[in-house]
Amino acid sequence: MDRDAHTWDHRLYQHIGVGFELPNHFSKLTRLENLQLFASFYGAGAELPHSPSELLERVGLQDAAKQRVGEYSKGMKMRLNFARALLNNPSLLFLDEPTAGLDPVNAKIIKDIIRDQQQQGKTVFLTTHNMHDADELCNRVAFIVEGELSLIDEPAVLKLRHGQQSVEVIARPGEEYTQPDVHCFELDQLGSNQQFIVLLNSNTVESIHSQEATLEEVFIKTTGARLT
Amino acid sequence: MMQSMAQAARILLWDFRLQYRYYFWTIALVVGAMWSGVLFALPEDIISIWLSMVIFADLSTIGVMFITGILYLERRQGTIYATAVMPASAGTWLSTKLFSLSLLCLVCVIIIVLFTSNSVNWFRLIPAVVLTAATFASVGFLVAVQFDKLLNYFFTIALVFIPLNLPALDYFGIFSNEAMWLIPSEAAIWALAGSFQEMETSRFLGYLVLLILWLAVTHWLGIRAFRKFIATRQQL
Chain U
11 MDRDAHTWDH
21 RLYQHIGVGF
31 ELPNHFSKLT
41 RLENLQLFAS
51 FYGAGAELPH
61 SPSELLERVG
71 LQDAAKQRVG
81 EYSKGMKMRL
91 NFARALLNNP
101 SLLFLDEPTA
111 GLDPVNAKII
121 KDIIRDQQQQ
131 GKTVFLTTHN
141 MHDADELCNR
151 VAFIVEGELS
161 LIDEPAVLKL
171 RHGQQSVEVI
181 ARPGEEYTQP
191 DVHCFELDQL
201 GSNQQFIVLL
211 NSNTVESIHS
221 QEATLEEVFI
231 KTTGARLT
Chain H
5 MMQSMAQAAR
15 ILLWDFRLQY
25 RYYFWTIALV
35 VGAMWSGVLF
45 ALPEDIISIW
55 LSMVIFADLS
65 TIGVMFITGI
75 LYLERRQGTI
85 YATAVMPASA
95 GTWLSTKLFS
105 LSLLCLVCVI
115 IIVLFTSNSV
125 NWFRLIPAVV
135 LTAATFASVG
145 FLVAVQFDKL
155 LNYFFTIALV
165 FIPLNLPALD
175 YFGIFSNEAM
185 WLIPSEAAIW
195 ALAGSFQEME
205 TSRFLGYLVL
215 LILWLAVTHW
225 LGIRAFRKFI
235 ATRQQL
């Protein structure tokens, strides 16, 4: 694209795809008609890299051909939103809560397509309150509070920076259903920590977790105090 | 240029399809049939006086109400915001809406005229109807786009209709004033009347030119309003 944003007019949208937070479709049209209608803004069907039918199949909406969109569930409408954002094979994708209202299977389909877009070199802006999605999908995460960018970095870096340099070991020395013991060890010199080694060899360890922060914790720590 | 024309043609075809699917055509045809029924029962000398006024009332109401209907429907469904991030200009969006509604109004008027009048100049009536309907739809859009709530809209449009209907006084010879030329409906009423009555061609063409000017102005304002109230979602 390599042009100043001010020099573009409406044709900029040839390169942009937008997935809205809430479903926005013509309720009296079918899903295919909805996509064909919006495809008419870009060019004749043959000019588009993906046909509307192909996109519908990718998001799992190939069935219920004659059903009008007004009769769809929210999840189906959200998938249609997503398919519409890909109509023009955009270089820049803005997706607002793309997995909202989706069951885990369909959320995975959408996330796989987003990853596929990333691998093709597309830029994806994902707006979400779902920190798990952000962690899974984003190369960089930014927190915006009251219109200002308060923090931006790679998710792994953020989690390490805001977490503890330790591991939590859960061990159950007694019978099943008894209360487990929770131990915490510093990561520094962990391999030579005798207490840790003894515990490992005790055959009572049920789980070991590093104590980096989750993105939710980073979010709350960074912005929570300022949110009302 | 050719690409933009082809794009507008494709959007226009979908506009027709949407208007059909959302029963706009059914409503227009029923309204047309009702007017035909009412006028058919009246004596011919009364019809000759009232026909252009009935068409004017029909066009102004349908033009304004249908564009309002489209706008509120698209706002409620959110589709207009999806349209705002498509590679079509606000001008193309508005033009296709005005043109498709004008043709819808034209069909409605043809039904009324076919059943009620033998003395019509179709070459005059068609451009007069299309321009009147497009101008009123454009005025309707300008008002409707500024309001999220229908109640506020209806109050304002009722106020707008008062001056818009004043030229009817001129048509019936009750009151006339040069300032009425500043109201778009003055040219509309006389252009419609010129399709049923004797009128010099130059005078009739003058009314059409005035209507074209009004349409150009309201269309230009409509594009600005689309950018302000739809694309950037500013509030009044």
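Protein chains in written order, with our numbering: chain U, 11 to 238; chain H, 5 to 240. Don't be surprised by glycine CBs; every beta carbon is placed ideally from N, CA and C.
What residue range is occupied by the uninterrupted beta strand (DSSP E) comprising residue i?
i        : result
Gly27/U  : Ile26 to Gly29
Thr133/U : Thr133 to Thr137
Cys194/U : Asp191 to Glu196
Leu105/U : Leu102 to Asp106
Ala152/U : Val151 to Val155
By the three-class DSSP mapping on this structure, what secondary structure does residue i have?
i        : result
Phe200/H : coil
Val89/H  : coil
Ile178/H : coil
Leu97/U  : coil
His219/U : strand
Ile187/H : coil
Ala45/H  : coil
Ala141/H : helix
Val213/H : helix
Val124/H : coil
Phe36/U  : coil
Phe151/H : coil
Ser99/H  : helix
Ser176/U : strand
Under DSSP, the alpha helix (DSSP H) around residue i begins and ends at which residues?
i        : result
Val58/H  : Glu48 to Gln81
Asp73/U  : No alpha helix (DSSP H) contains Asp73/U, which DSSP labels as neither H nor E.
Glu43/U  : Arg41 to Ala49
Leu168/H : Leu154 to Asn169
Leu161/U : Leu161/U -> not in any alpha helix (DSSP H); beta strand (DSSP E) instead, spanning Glu158 to Asp163.
Phe233/H : Note, Phe233/H: premise wrong, no alpha helix (DSSP H); not H, not E.
Tyr27/H  : From DSSP, Tyr27/H is part of no alpha helix (DSSP H); its letter is neither H nor E.
Given residue i, which residues of its chain have a CB within under 8 Å of its CB, disregarding the five upstream and five downstream residues?
i        : result
Lys231/U : His172 and Ala223
Leu209/U : Val179, Ala181, His193 and Val215
Met184/H : Leu170, Pro171, Asp174 and Glu190
Lys132/U : Pro100, Ser101, Leu102 and Leu103
CB-CB under 7 Å to residue i, same chain, minus the five flanking residues each way: which ones, in chain order?
i        : result
Arg150/U : Ile162, Asp163 and Glu164
Ser40/H  : Ile115, Ile116, Phe119 and Thr120
Pro167/H : Ile187
Phe153/U : Ser160, Leu161, Phe229, Thr232 and Thr233
Leu105/H : Gly67, Phe70, Ile71, Ala137 and Ala141
Given a cut-off of 7 Å on the beta-carbon distance, is the pair residue i and residue j in contact?
i        : j        : result
Phe119/H : Phe200/H : no
Ala181/U : Val215/U : yes
Ser50/U  : Trp29/H  : no
Lys25/U  : Pro108/U : Reading off the sequence, residue 25/U comes out as His, not Lys. Not in contact: His25/U and Pro108/U (Cβ atoms no closer than 7 Å).
Phe145/H : Ile84/H  : no
Gly82/H  : Asn44/U  : no
Leu66/U  : Ala93/U  : yes
Ala148/H : Leu75/H  : yes
Phe208/H : Ala94/H  : no
Arg41/U  : Val69/U  : no
Val228/U : Leu168/U : yes
Ala117/U : Val28/U  : no
Ala195/H : Ala88/H  : no
Arg128/H : Gly198/H : yes
Arg13/U  : Lys38/U  : no
Looking only at its own chain, which residues have a Cβ that is under 6 Å from the Cβ of residue i, when we skip the five neighbours before and after it?
i        : result
Pro188/H : Thr139 and Trp218
Phe133/H : Just to set this straight, residue 133/H is Val in the shown sequence, not Phe. Counting only Cβ-Cβ distances below 6 Å, and skipping sequence neighbours, we find Leu110 and Val113.
Phe135/U : Phe104
Phe179/H : Leu173
Lys84/U  : Gly111
With hydrogens ignored, establish whether the beta-carbon of residue i is closer than 6 Å to any heavy atom of the ligand ADP.
i        : result
Glu185/U : Among the components of this structure there are no ligands whatsoever, and the ligand ADP is therefore not found.
ask   = Do three or more CB pairs link the stretch 153 to 164 of chain H to the stretch 99 to 111 of chain H at distances below 8 Å?
value = no
ask   = Within the chosen definition, does the stretch 193 to 206 of chain U reach the stretch 137 to 148 of chain U through at least 3 CB pairs nearer than 8 Å?
value = no
key: chain C contacts made by the stretch 86 to 110 of chain H, where a contact means CB separation under 7 Å   = Protein chains U and H are contained in the structure displayed, whereas chain C is not.
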